[in-house]
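Notes to accompany the following structure.
Numbering (the numbering used here), first residue to last: 972 to 1667.
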């Protein structure tokens, strides 16, 4: 229905001189016009007359209507085929005597509800239906034909675009003076403009001063207006003056788009006039040239988005110290920009697209703009949660920077600080990750949430790679919305490196295990205790048996060399018996096995030595002294080759041998005590964790 773009390319014309683009327009005459008020043909004519100027088409005829204004009015020709326009006007002409009564005959007029540039609206009552109506009619004593005609044309357009979001027209006719009347539904409510400028307005009801809820309501109003525009555009009509003052909110929430006085019906014709119409504070760039051939549905999209801009920001879209400055500023502006502190980035992007300077960059239709607003409203909670998630993401990045800074602290303080920082990082990551997840649950295709989740996971993966936390990296990589091959490659390298390190660590641990004599201490304690008890019992029995010998002194004084060999063999047999029974529990590693076997070899050496001494009929006292020397040498060997702790046993044994040299009669008792102490000292770390910690 609407032709291709044939006017100025507003996407590229930012470099074009504004004065050249508007040289044909009487801008100087409009210098004192209120930019918030609508420019109509009548407004421009009045401004020219106040300046003592006349339109070129009226030279020599000051009483003729302005040619451009008449042409502008005639450009609106609703399509109600097959009745021609002239026939329609005849049908609406004032009746002759005896004809049907004029429209006013069924109406009573009440007070004036409002004034406009093209007429006034009065309260009325339709008598036959006993209902209040709104009646639009010319100002008192209005005689200019173009203004009278414009009211008729507005009524025709309103009838053409009748829609739930436009005011229904009940009747279009003339009064007895021949003045046109538009009889419309009486709307009780408040203008969108009044609600925008007063957040505490009584008609906000429960939404008073609730700016967040009011934002949602503004969006709903814009969606309702876009529906009216979509229908009008389908009928070939462009409103050209969409602004909050021309939107009425009814008592029950209904939304109406008003004032179709300068609406334009575009037909397939090249006879497009050049005239400046609209409200300067809201106008789209293409409207400032006055070329109607540049006007299309995307112009109304701009106007509606500009109205929403005012609703969200509280400011007029175009402002300037003078009307000319406002014109030039609006003409050159790439798009309207909202402060994202109060409005979400997503909504700002929608408005920027809808108010792009180039029409091709805007939404193609009011329907498309409505769809964008609907999508935003539907996802608004998810979007709000996304913004909160991004704040958490900023906090996570700060925590990651903080943990890097702790590595520069002194070593004695670093461990605690790093642990605290690491805990803070994981807590912040959990909050951030969960928040983005909830945002995506409400809107799975939320681009900002997907972007934030990607950034959150990547930040934590990089941290895991730096800290060599392979399990963390492995668990996070599959959660990335968008795969990162380079991160996967780094993760594999980390896995390989840690795998090699793990193998080396396992090998080292195995070596340490084999060399740790205190492995399996619980079992060793039990078995050592059993052995010591048995040895103590046998020792006590020997001492008790030989304590009353006829040679005097200790028990050994009554023992023969044969007894010494037999008892040494008895102790060795007892040790081998206990060792055989407990081997599977005590032989946990290599060093333990060697130590146990070494003790057995030591015992066997003592038995062998006693046997040799017995053959030489050497006294038992000498056997005992040599046993302690042999055991001391064995303990020193173990201390050098296995563990330093056996130095203690070696010293005890050497000390015992020395005591036996000075007190031979008591060699048996000394031997028993020293051997017991040597074994107890050697096994003490098995029974004391504190001593074990010192030893190891």
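Built from N, CA and C at the ideal position, the CB exists for glycine as well.
For residue 1103, report the span of its beta strand (DSSP E) as first-last.
Counted from its first residue, the chain shown places residue 1103 at position 132. Where residue 1103 is concerned, the enclosing beta strand (DSSP E) stretches over 1102 to 1108.
Could you pull out every residue in the same chain whose Cβ sits closer than 7 Å to the Cβ of residue 1589, ignoring the five residues on either side in sequence?
Along the chain shown, one-based indexing puts residue 1589 at 618. Within the same chain, residue 1589 has close Cβ partners 1532.
Determine, using beta carbons only, whether residue 1209 and residue 1234 come nearer to each other than 8 Å.
Along the chain shown, read from residue 1 onward, the residue named residue 1209 stands at position 238. Along the chain shown, read from residue 1 onward, the residue named residue 1234 stands at position 263. A contact, by the Cβ cut-off of 8 Å.
Please identify the residue among 1216, 1635, 1263, 1214 whose C-alpha is closest to the C-alpha of residue 1237.
Taking the chain shown and counting its residues from 1, one reaches residue 1237 at position 266. That would be 1263, whose Cα lies nearest to the Cα of residue 1237.
Residue range of the beta strand (DSSP E) that includes residue 1214:
Sequence index remark: in the chain shown, residue 1214 carries index 243 (1-based). Taken as a continuous stretch (DSSP letters only), residue 1214 belongs to no beta strand (DSSP E), as it is neither H nor E.
In this structure, does DSSP put residue 1015 in helix, strand or coil?
Mapped onto the chain shown, residue 1015 falls at position 44. Looking at residue 1015 - three-state DSSP - the assignment turns out to be helix.
Close beta carbons around residue 1084, own chain, < 7 Å, minus the five adjacent residues each side
As a working mapping, residue 1084 is identified with position 113 in the chain shown. Here the set comprises 1092, 1093, 1094, 1105.
According to DSSP, is residue 1156 helix, strand or coil?
Here the question's residue 1156 lines up with position 185 in the chain shown. In this structure, residue 1156 counts as strand in the three-state DSSP scheme.
Determine, using beta carbons only, whether residue 1275 and residue 1137 come nearer to each other than 8 Å.
One-based indexing of the chain shown puts residue 1275 at position 304. One-based indexing of the chain shown puts residue 1137 at position 166. No; because the gap between Cβ atoms is not below 8 Å, this pair is not in contact.
Expected contact under 8 Å - CB spacing of residue 1187 and residue 1180 to nearest Å
Numbered from 1 along the chain shown, position 216 holds the residue referred to as residue 1187. Numbered from 1 along the chain shown, position 209 holds the residue referred to as residue 1180. About 14 Å separates the two Cβ atoms, so there is no contact after all.
Runs of 3 residues minimum, wholly inside the segment 1156 to 1189: which ones carry the beta strand (DSSP E) assignment?
1160 to 1162
So what does DSSP say about residue 1522, is it helix, strand or coil?
Against the chain shown, residue 1522 aligns to sequence position 551. At residue 1522, the pLDDT of 44 sits below 50, so the modelled position is not reliable and the matter cannot be decided from this model.
For the candidate residues 1573, 1632, 1555, 1570, whose alpha-carbon lies nearest to that of residue 1593?
What you label residue 1593 is simply residue 622 of the chain shown in a count that begins at 1. The shortest Cα separation from residue 1593 among 1573, 1632, 1555, 1570 belongs to 1632.
With 16 other CB atoms within 10 Å as the buried threshold, where does residue 1412 fall?
Here residue 1412 corresponds to residue number 441 of the chain shown, with the count starting at 1. Exposed, since its Cβ has fewer than 16 Cβ neighbours within 10 Å.
Got a sec? Which residues, its chain only, sit under 6 Å from residue 1314 by beta carbon, not counting five neighbours each side?
Counting from one through the chain shown, the residue named residue 1314 turns up at place 343. Closer than 6 Å at Cβ, skipping near neighbours: 1283.
So residue 1407 packs on residue 1420, CB below 8 Å; how close in whole Å?
The residue given as residue 1407 occupies position 436 in the chain shown. The residue given as residue 1420 occupies position 449 in the chain shown. With 8 Å as the limit, residue 1407 and residue 1420 qualify as a contact, their Cβ atoms being about 5 Å apart.
Comparing alpha-carbon positions, which option in 1649, 1211, 1615 lies nearest residue 1603?
Locating residue 1603 in the chain shown gives position 632, counting from the first residue. Of the candidates 1649, 1211, 1615, the one whose C-alpha sits nearest the C-alpha of residue 1603 is 1649.
Say whether the segment 1191 to 1210 touches the segment 1339 to 1346, bearing in mind that this needs 3 or more beta-carbon pairs closer than 8 Å, one atom from each stretch.
yes
Straight-line Cα distance separating residue 1476 from residue 1647
Taking the first residue of the chain shown as position 1, residue 1647 is located at position 676. Taking the first residue of the chain shown as position 1, residue 1476 is located at position 505. For residue 1647 and residue 1476, the distance between alpha carbons rounds to 39 Å.
If you draw a straight line from the alpha carbon of residue 1185 to that of residue 1176, how long is it in whole angstroms?
Start at 1 with the first residue of the chain shown, and residue 1185 comes out as number 214. Start at 1 with the first residue of the chain shown, and residue 1176 comes out as number 205. Using only the alpha carbons, I get a separation of about 11 Å.
Closest to residue 1353 by C-alpha separation, out of 1127, 1414, 1568, 1295, would be which residue?
As a working mapping, residue 1353 is identified with position 382 in the chain shown. Answer by Cα proximity: 1414.
Run through the segment 1616 to 1661 for me and flag every whole alpha helix (DSSP H) of 4 or more residues, listed as ranges in chain order.
1617 to 1633, 1638 to 1654
Do residue 1393 and residue 1374 have their beta-carbon atoms positioned less than 8 Å apart in this structure?
By one-based count along the chain shown, residue 1374 stands at place 403. By one-based count along the chain shown, residue 1393 stands at place 422. Yes, they are a contact pair.
Within the same chain, show all residues whose beta-carbon is closer than 6 Å to that of residue 1466, passing over the 5 residues directly before and after it, in chain order.
Counted from its first residue, the chain shown places residue 1466 at position 495. Excluding positions up to five away in sequence, the list reads 1441.
Is the segment 1625 to 1639 touching the segment 1566 to 1575 in the sense that three or more CB pairs, one from each, lie closer than 8 Å?
no
Taking residue 1614 as the reference, which of 1583, 1453, 1582, 1653 has the closest Cα?
Stepping through the chain shown from its first residue, residue 1614 is reached at position 643. Residue 1653 is the option with its Cα nearest to residue 1614.
Are the CB atoms of residue 1336 and residue 1256 within a distance shorter than 8 Å?
Mapped onto the chain shown, residue 1256 falls at position 285. Mapped onto the chain shown, residue 1336 falls at position 365. Result no, Cβ atoms of residue 1256 and residue 1336 do not sit closer than 8 Å.
Take residue 1288 and list the residues in its own chain whose beta-carbon comes closer than 6 Å to its own, dropping the five residues that flank it on each side.
Working through the chain shown from its first residue, we reach residue 1288 at position 317. Same-chain partners within the cutoff: 1253, 1277, 1280, 1307.
Closest to residue 1087 by C-alpha separation, out of 1612, 1158, 1011, would be which residue?
Taking the chain shown and counting its residues from 1, the one referred to as residue 1087 is at position 116. Nearest option by C-alpha distance: 1011.
Own chain partners of residue 1410 with C-beta closer than 7 Å, once the 5 adjacent residues on each side are dropped:
Position 439 of the chain shown, counted from the start, is the residue given in the question as residue 1410. Contacts found: 1353, 1356, 1357, 1360, 1417, 1420.
Taking 8 Å as the cut-off, does the segment 1323 to 1340 touch the segment 1210 to 1227 (at least 3 CB pairs, one atom from each stretch)?
no
Buried or exposed (CB count within 10 angstroms, at least 16 for buried), residue 1168:
Position 197 of the chain shown, counted from the first residue, corresponds to residue 1168. Exposed.
Following the continuous alpha helix (DSSP H) through residue 1544, name the residue where it begins and the one where it ends.
As a first step, residue 1544 is located in the chain shown; it is residue number 573 there, counting from the start. 1532 to 1557 is the span of the alpha helix (DSSP H), which, as asked, contains residue 1544.
Quick check on DSSP: helix, strand or coil for residue 1051?
Translated into positions along the chain shown, residue 1051 becomes position 80. Note that residue 1051 has pLDDT 41, beneath the 50 cutoff, so the model's placement of it is unreliable and the number below is only indicative. Three-state DSSP puts residue 1051 in coil, outside helix and strand.
Taking only the alpha-carbon atoms, compute the straight-line gap between residue 1150 and residue 1130 and give it to the nearest angstrom.
Taking the chain shown and counting its residues from 1, one reaches residue 1150 at position 179. Taking the chain shown and counting its residues from 1, one reaches residue 1130 at position 159. Roughly 19 Å between the two C-alpha positions.
Note down the Cα distance separating residue 1250 from residue 1009, rounded to an integer number of angstroms.
The residue labelled residue 1250 in the question sits at position 279 within the chain shown. The residue labelled residue 1009 in the question sits at position 38 within the chain shown. One C-alpha to the other measures close to 4 Å.
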